[in-house]
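J.: Here the numbering used here runs 4 ahead of the position in the sequence shown, where the first position is 1. Just passing along the structure, written as structure tokens.
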Amino acid sequence: MDIELLEGVEHVLSTARSVRKKLDFSRPVSQEDLEACIDVAVQAPTGIDAESWRFLVVTDPAIKQKIADIYCEVMLEIGRSRGVTLKPTHNALMARLHEMPCMVFVFVIGEPPSNNIGGQVGFFGSILPAAWSLMLAMRARGIGTTWTSLLTSRHDEIAEILGVPAGVTQTVMLPAAYTLGARLKRAERLPAAKVTFWEQWGE
5 MDIELLEGVE HVLSTARSVR KKLDFSRPVS QEDLEACIDV AVQAPTGIDA ESWRFLVVTD
65 PAIKQKIADI YCEVMLEIGR SRGVTLKPTH NALMARLHEM PCMVFVFVIG EPPSNNIGGQ
125 VGFFGSILPA AWSLMLAMRA RGIGTTWTSL LTSRHDEIAE ILGVPAGVTQ TVMLPAAYTL
185 GARLKRAERL PAAKVTFWEQ WGE
């Protein structure tokens, strides 16, 4: 076993946090880095409808502003409807989302089957691993991102803004920027022994 490789992989996996602060808003994320990360993403496992993923990178300030406005509306509505106070990090992201050097949308050609849990699991299970691999690849290259799917609640508006055709499903959007000294570390989580059963549920 290559211990150094193992430690490097586990470090990236366990420190891939949402990054909303300490970002370089003035430095464009290079096309070379983005395409390298997407090349990693498309190695993710997929189901029968192989390689139906599509990635859309937004850098145009006017388009980013429209998307950021919708994002903020949805986030504020979530806070109101749930009666919760948004975290300072969420407010920080809303305040500067339009300044992010780029927004990377992950789409899948096709639509999930309705009223079919197995089909829905297979559908999203063939695209979300690619989105996660993309986030990990960005993490490894010093690019901070935030996993957000709340824009799917306004997918029709996003589709109109981005010219997305019918029959294409929006999943995750990753706002991205190079980090500026962000210290990413392991989060406090329950250990495996607390969340794992053996042979039977509850055992």
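Ideal Cβ placement from N, Cα and C applies to all residues, glycine included. Quick caveat: nothing in here was measured; it's all calculated off a predicted structure.
1. Pull up the distance between the alpha-carbon of Val125 and that of Pro92, whole angstroms please.
2. Take Ser34 as the anchor and find which of Met107, Thr152, Val112, Leu101 has the nearest alpha-carbon.
3. In chain order, what residues of the same chain have a beta carbon less than 7 Å from the beta carbon of Ala48, not counting five sequence neighbours either side?
4. Helix, strand or coil for Gln174, going by three-state DSSP, please let me know.
5. Determine which residues share a DSSP beta bridge with Ile147 and list them.
6. Fully enclosed by the stretch 71–152, which beta strand (DSSP E) runs are 3 residues long or longer?
7. If you follow the beta strand (DSSP E) that Val61 is in, where does it begin and where does it stop?
8. Under a Cβ-count criterion, where at least 16 other Cβ atoms within 10 Å of its own Cβ denotes burial, should Arg143 be classed as buried or exposed?
9. Leu155 by DSSP, collapsed to three states: which one?
T.: If we stick to the structure as given:
1. 33 Å
2. Just measuring C-alpha positions, the residue of Met107, Thr152, Val112, Leu101 sitting nearest Ser34 is Met107.
3. Here the set comprises Pro133, Ala134, Ser137.
4. strand
5. Tyr182
6. 106–113, 147–149
7. That run of the beta strand (DSSP E) goes 57–62.
8. buried
9. helix
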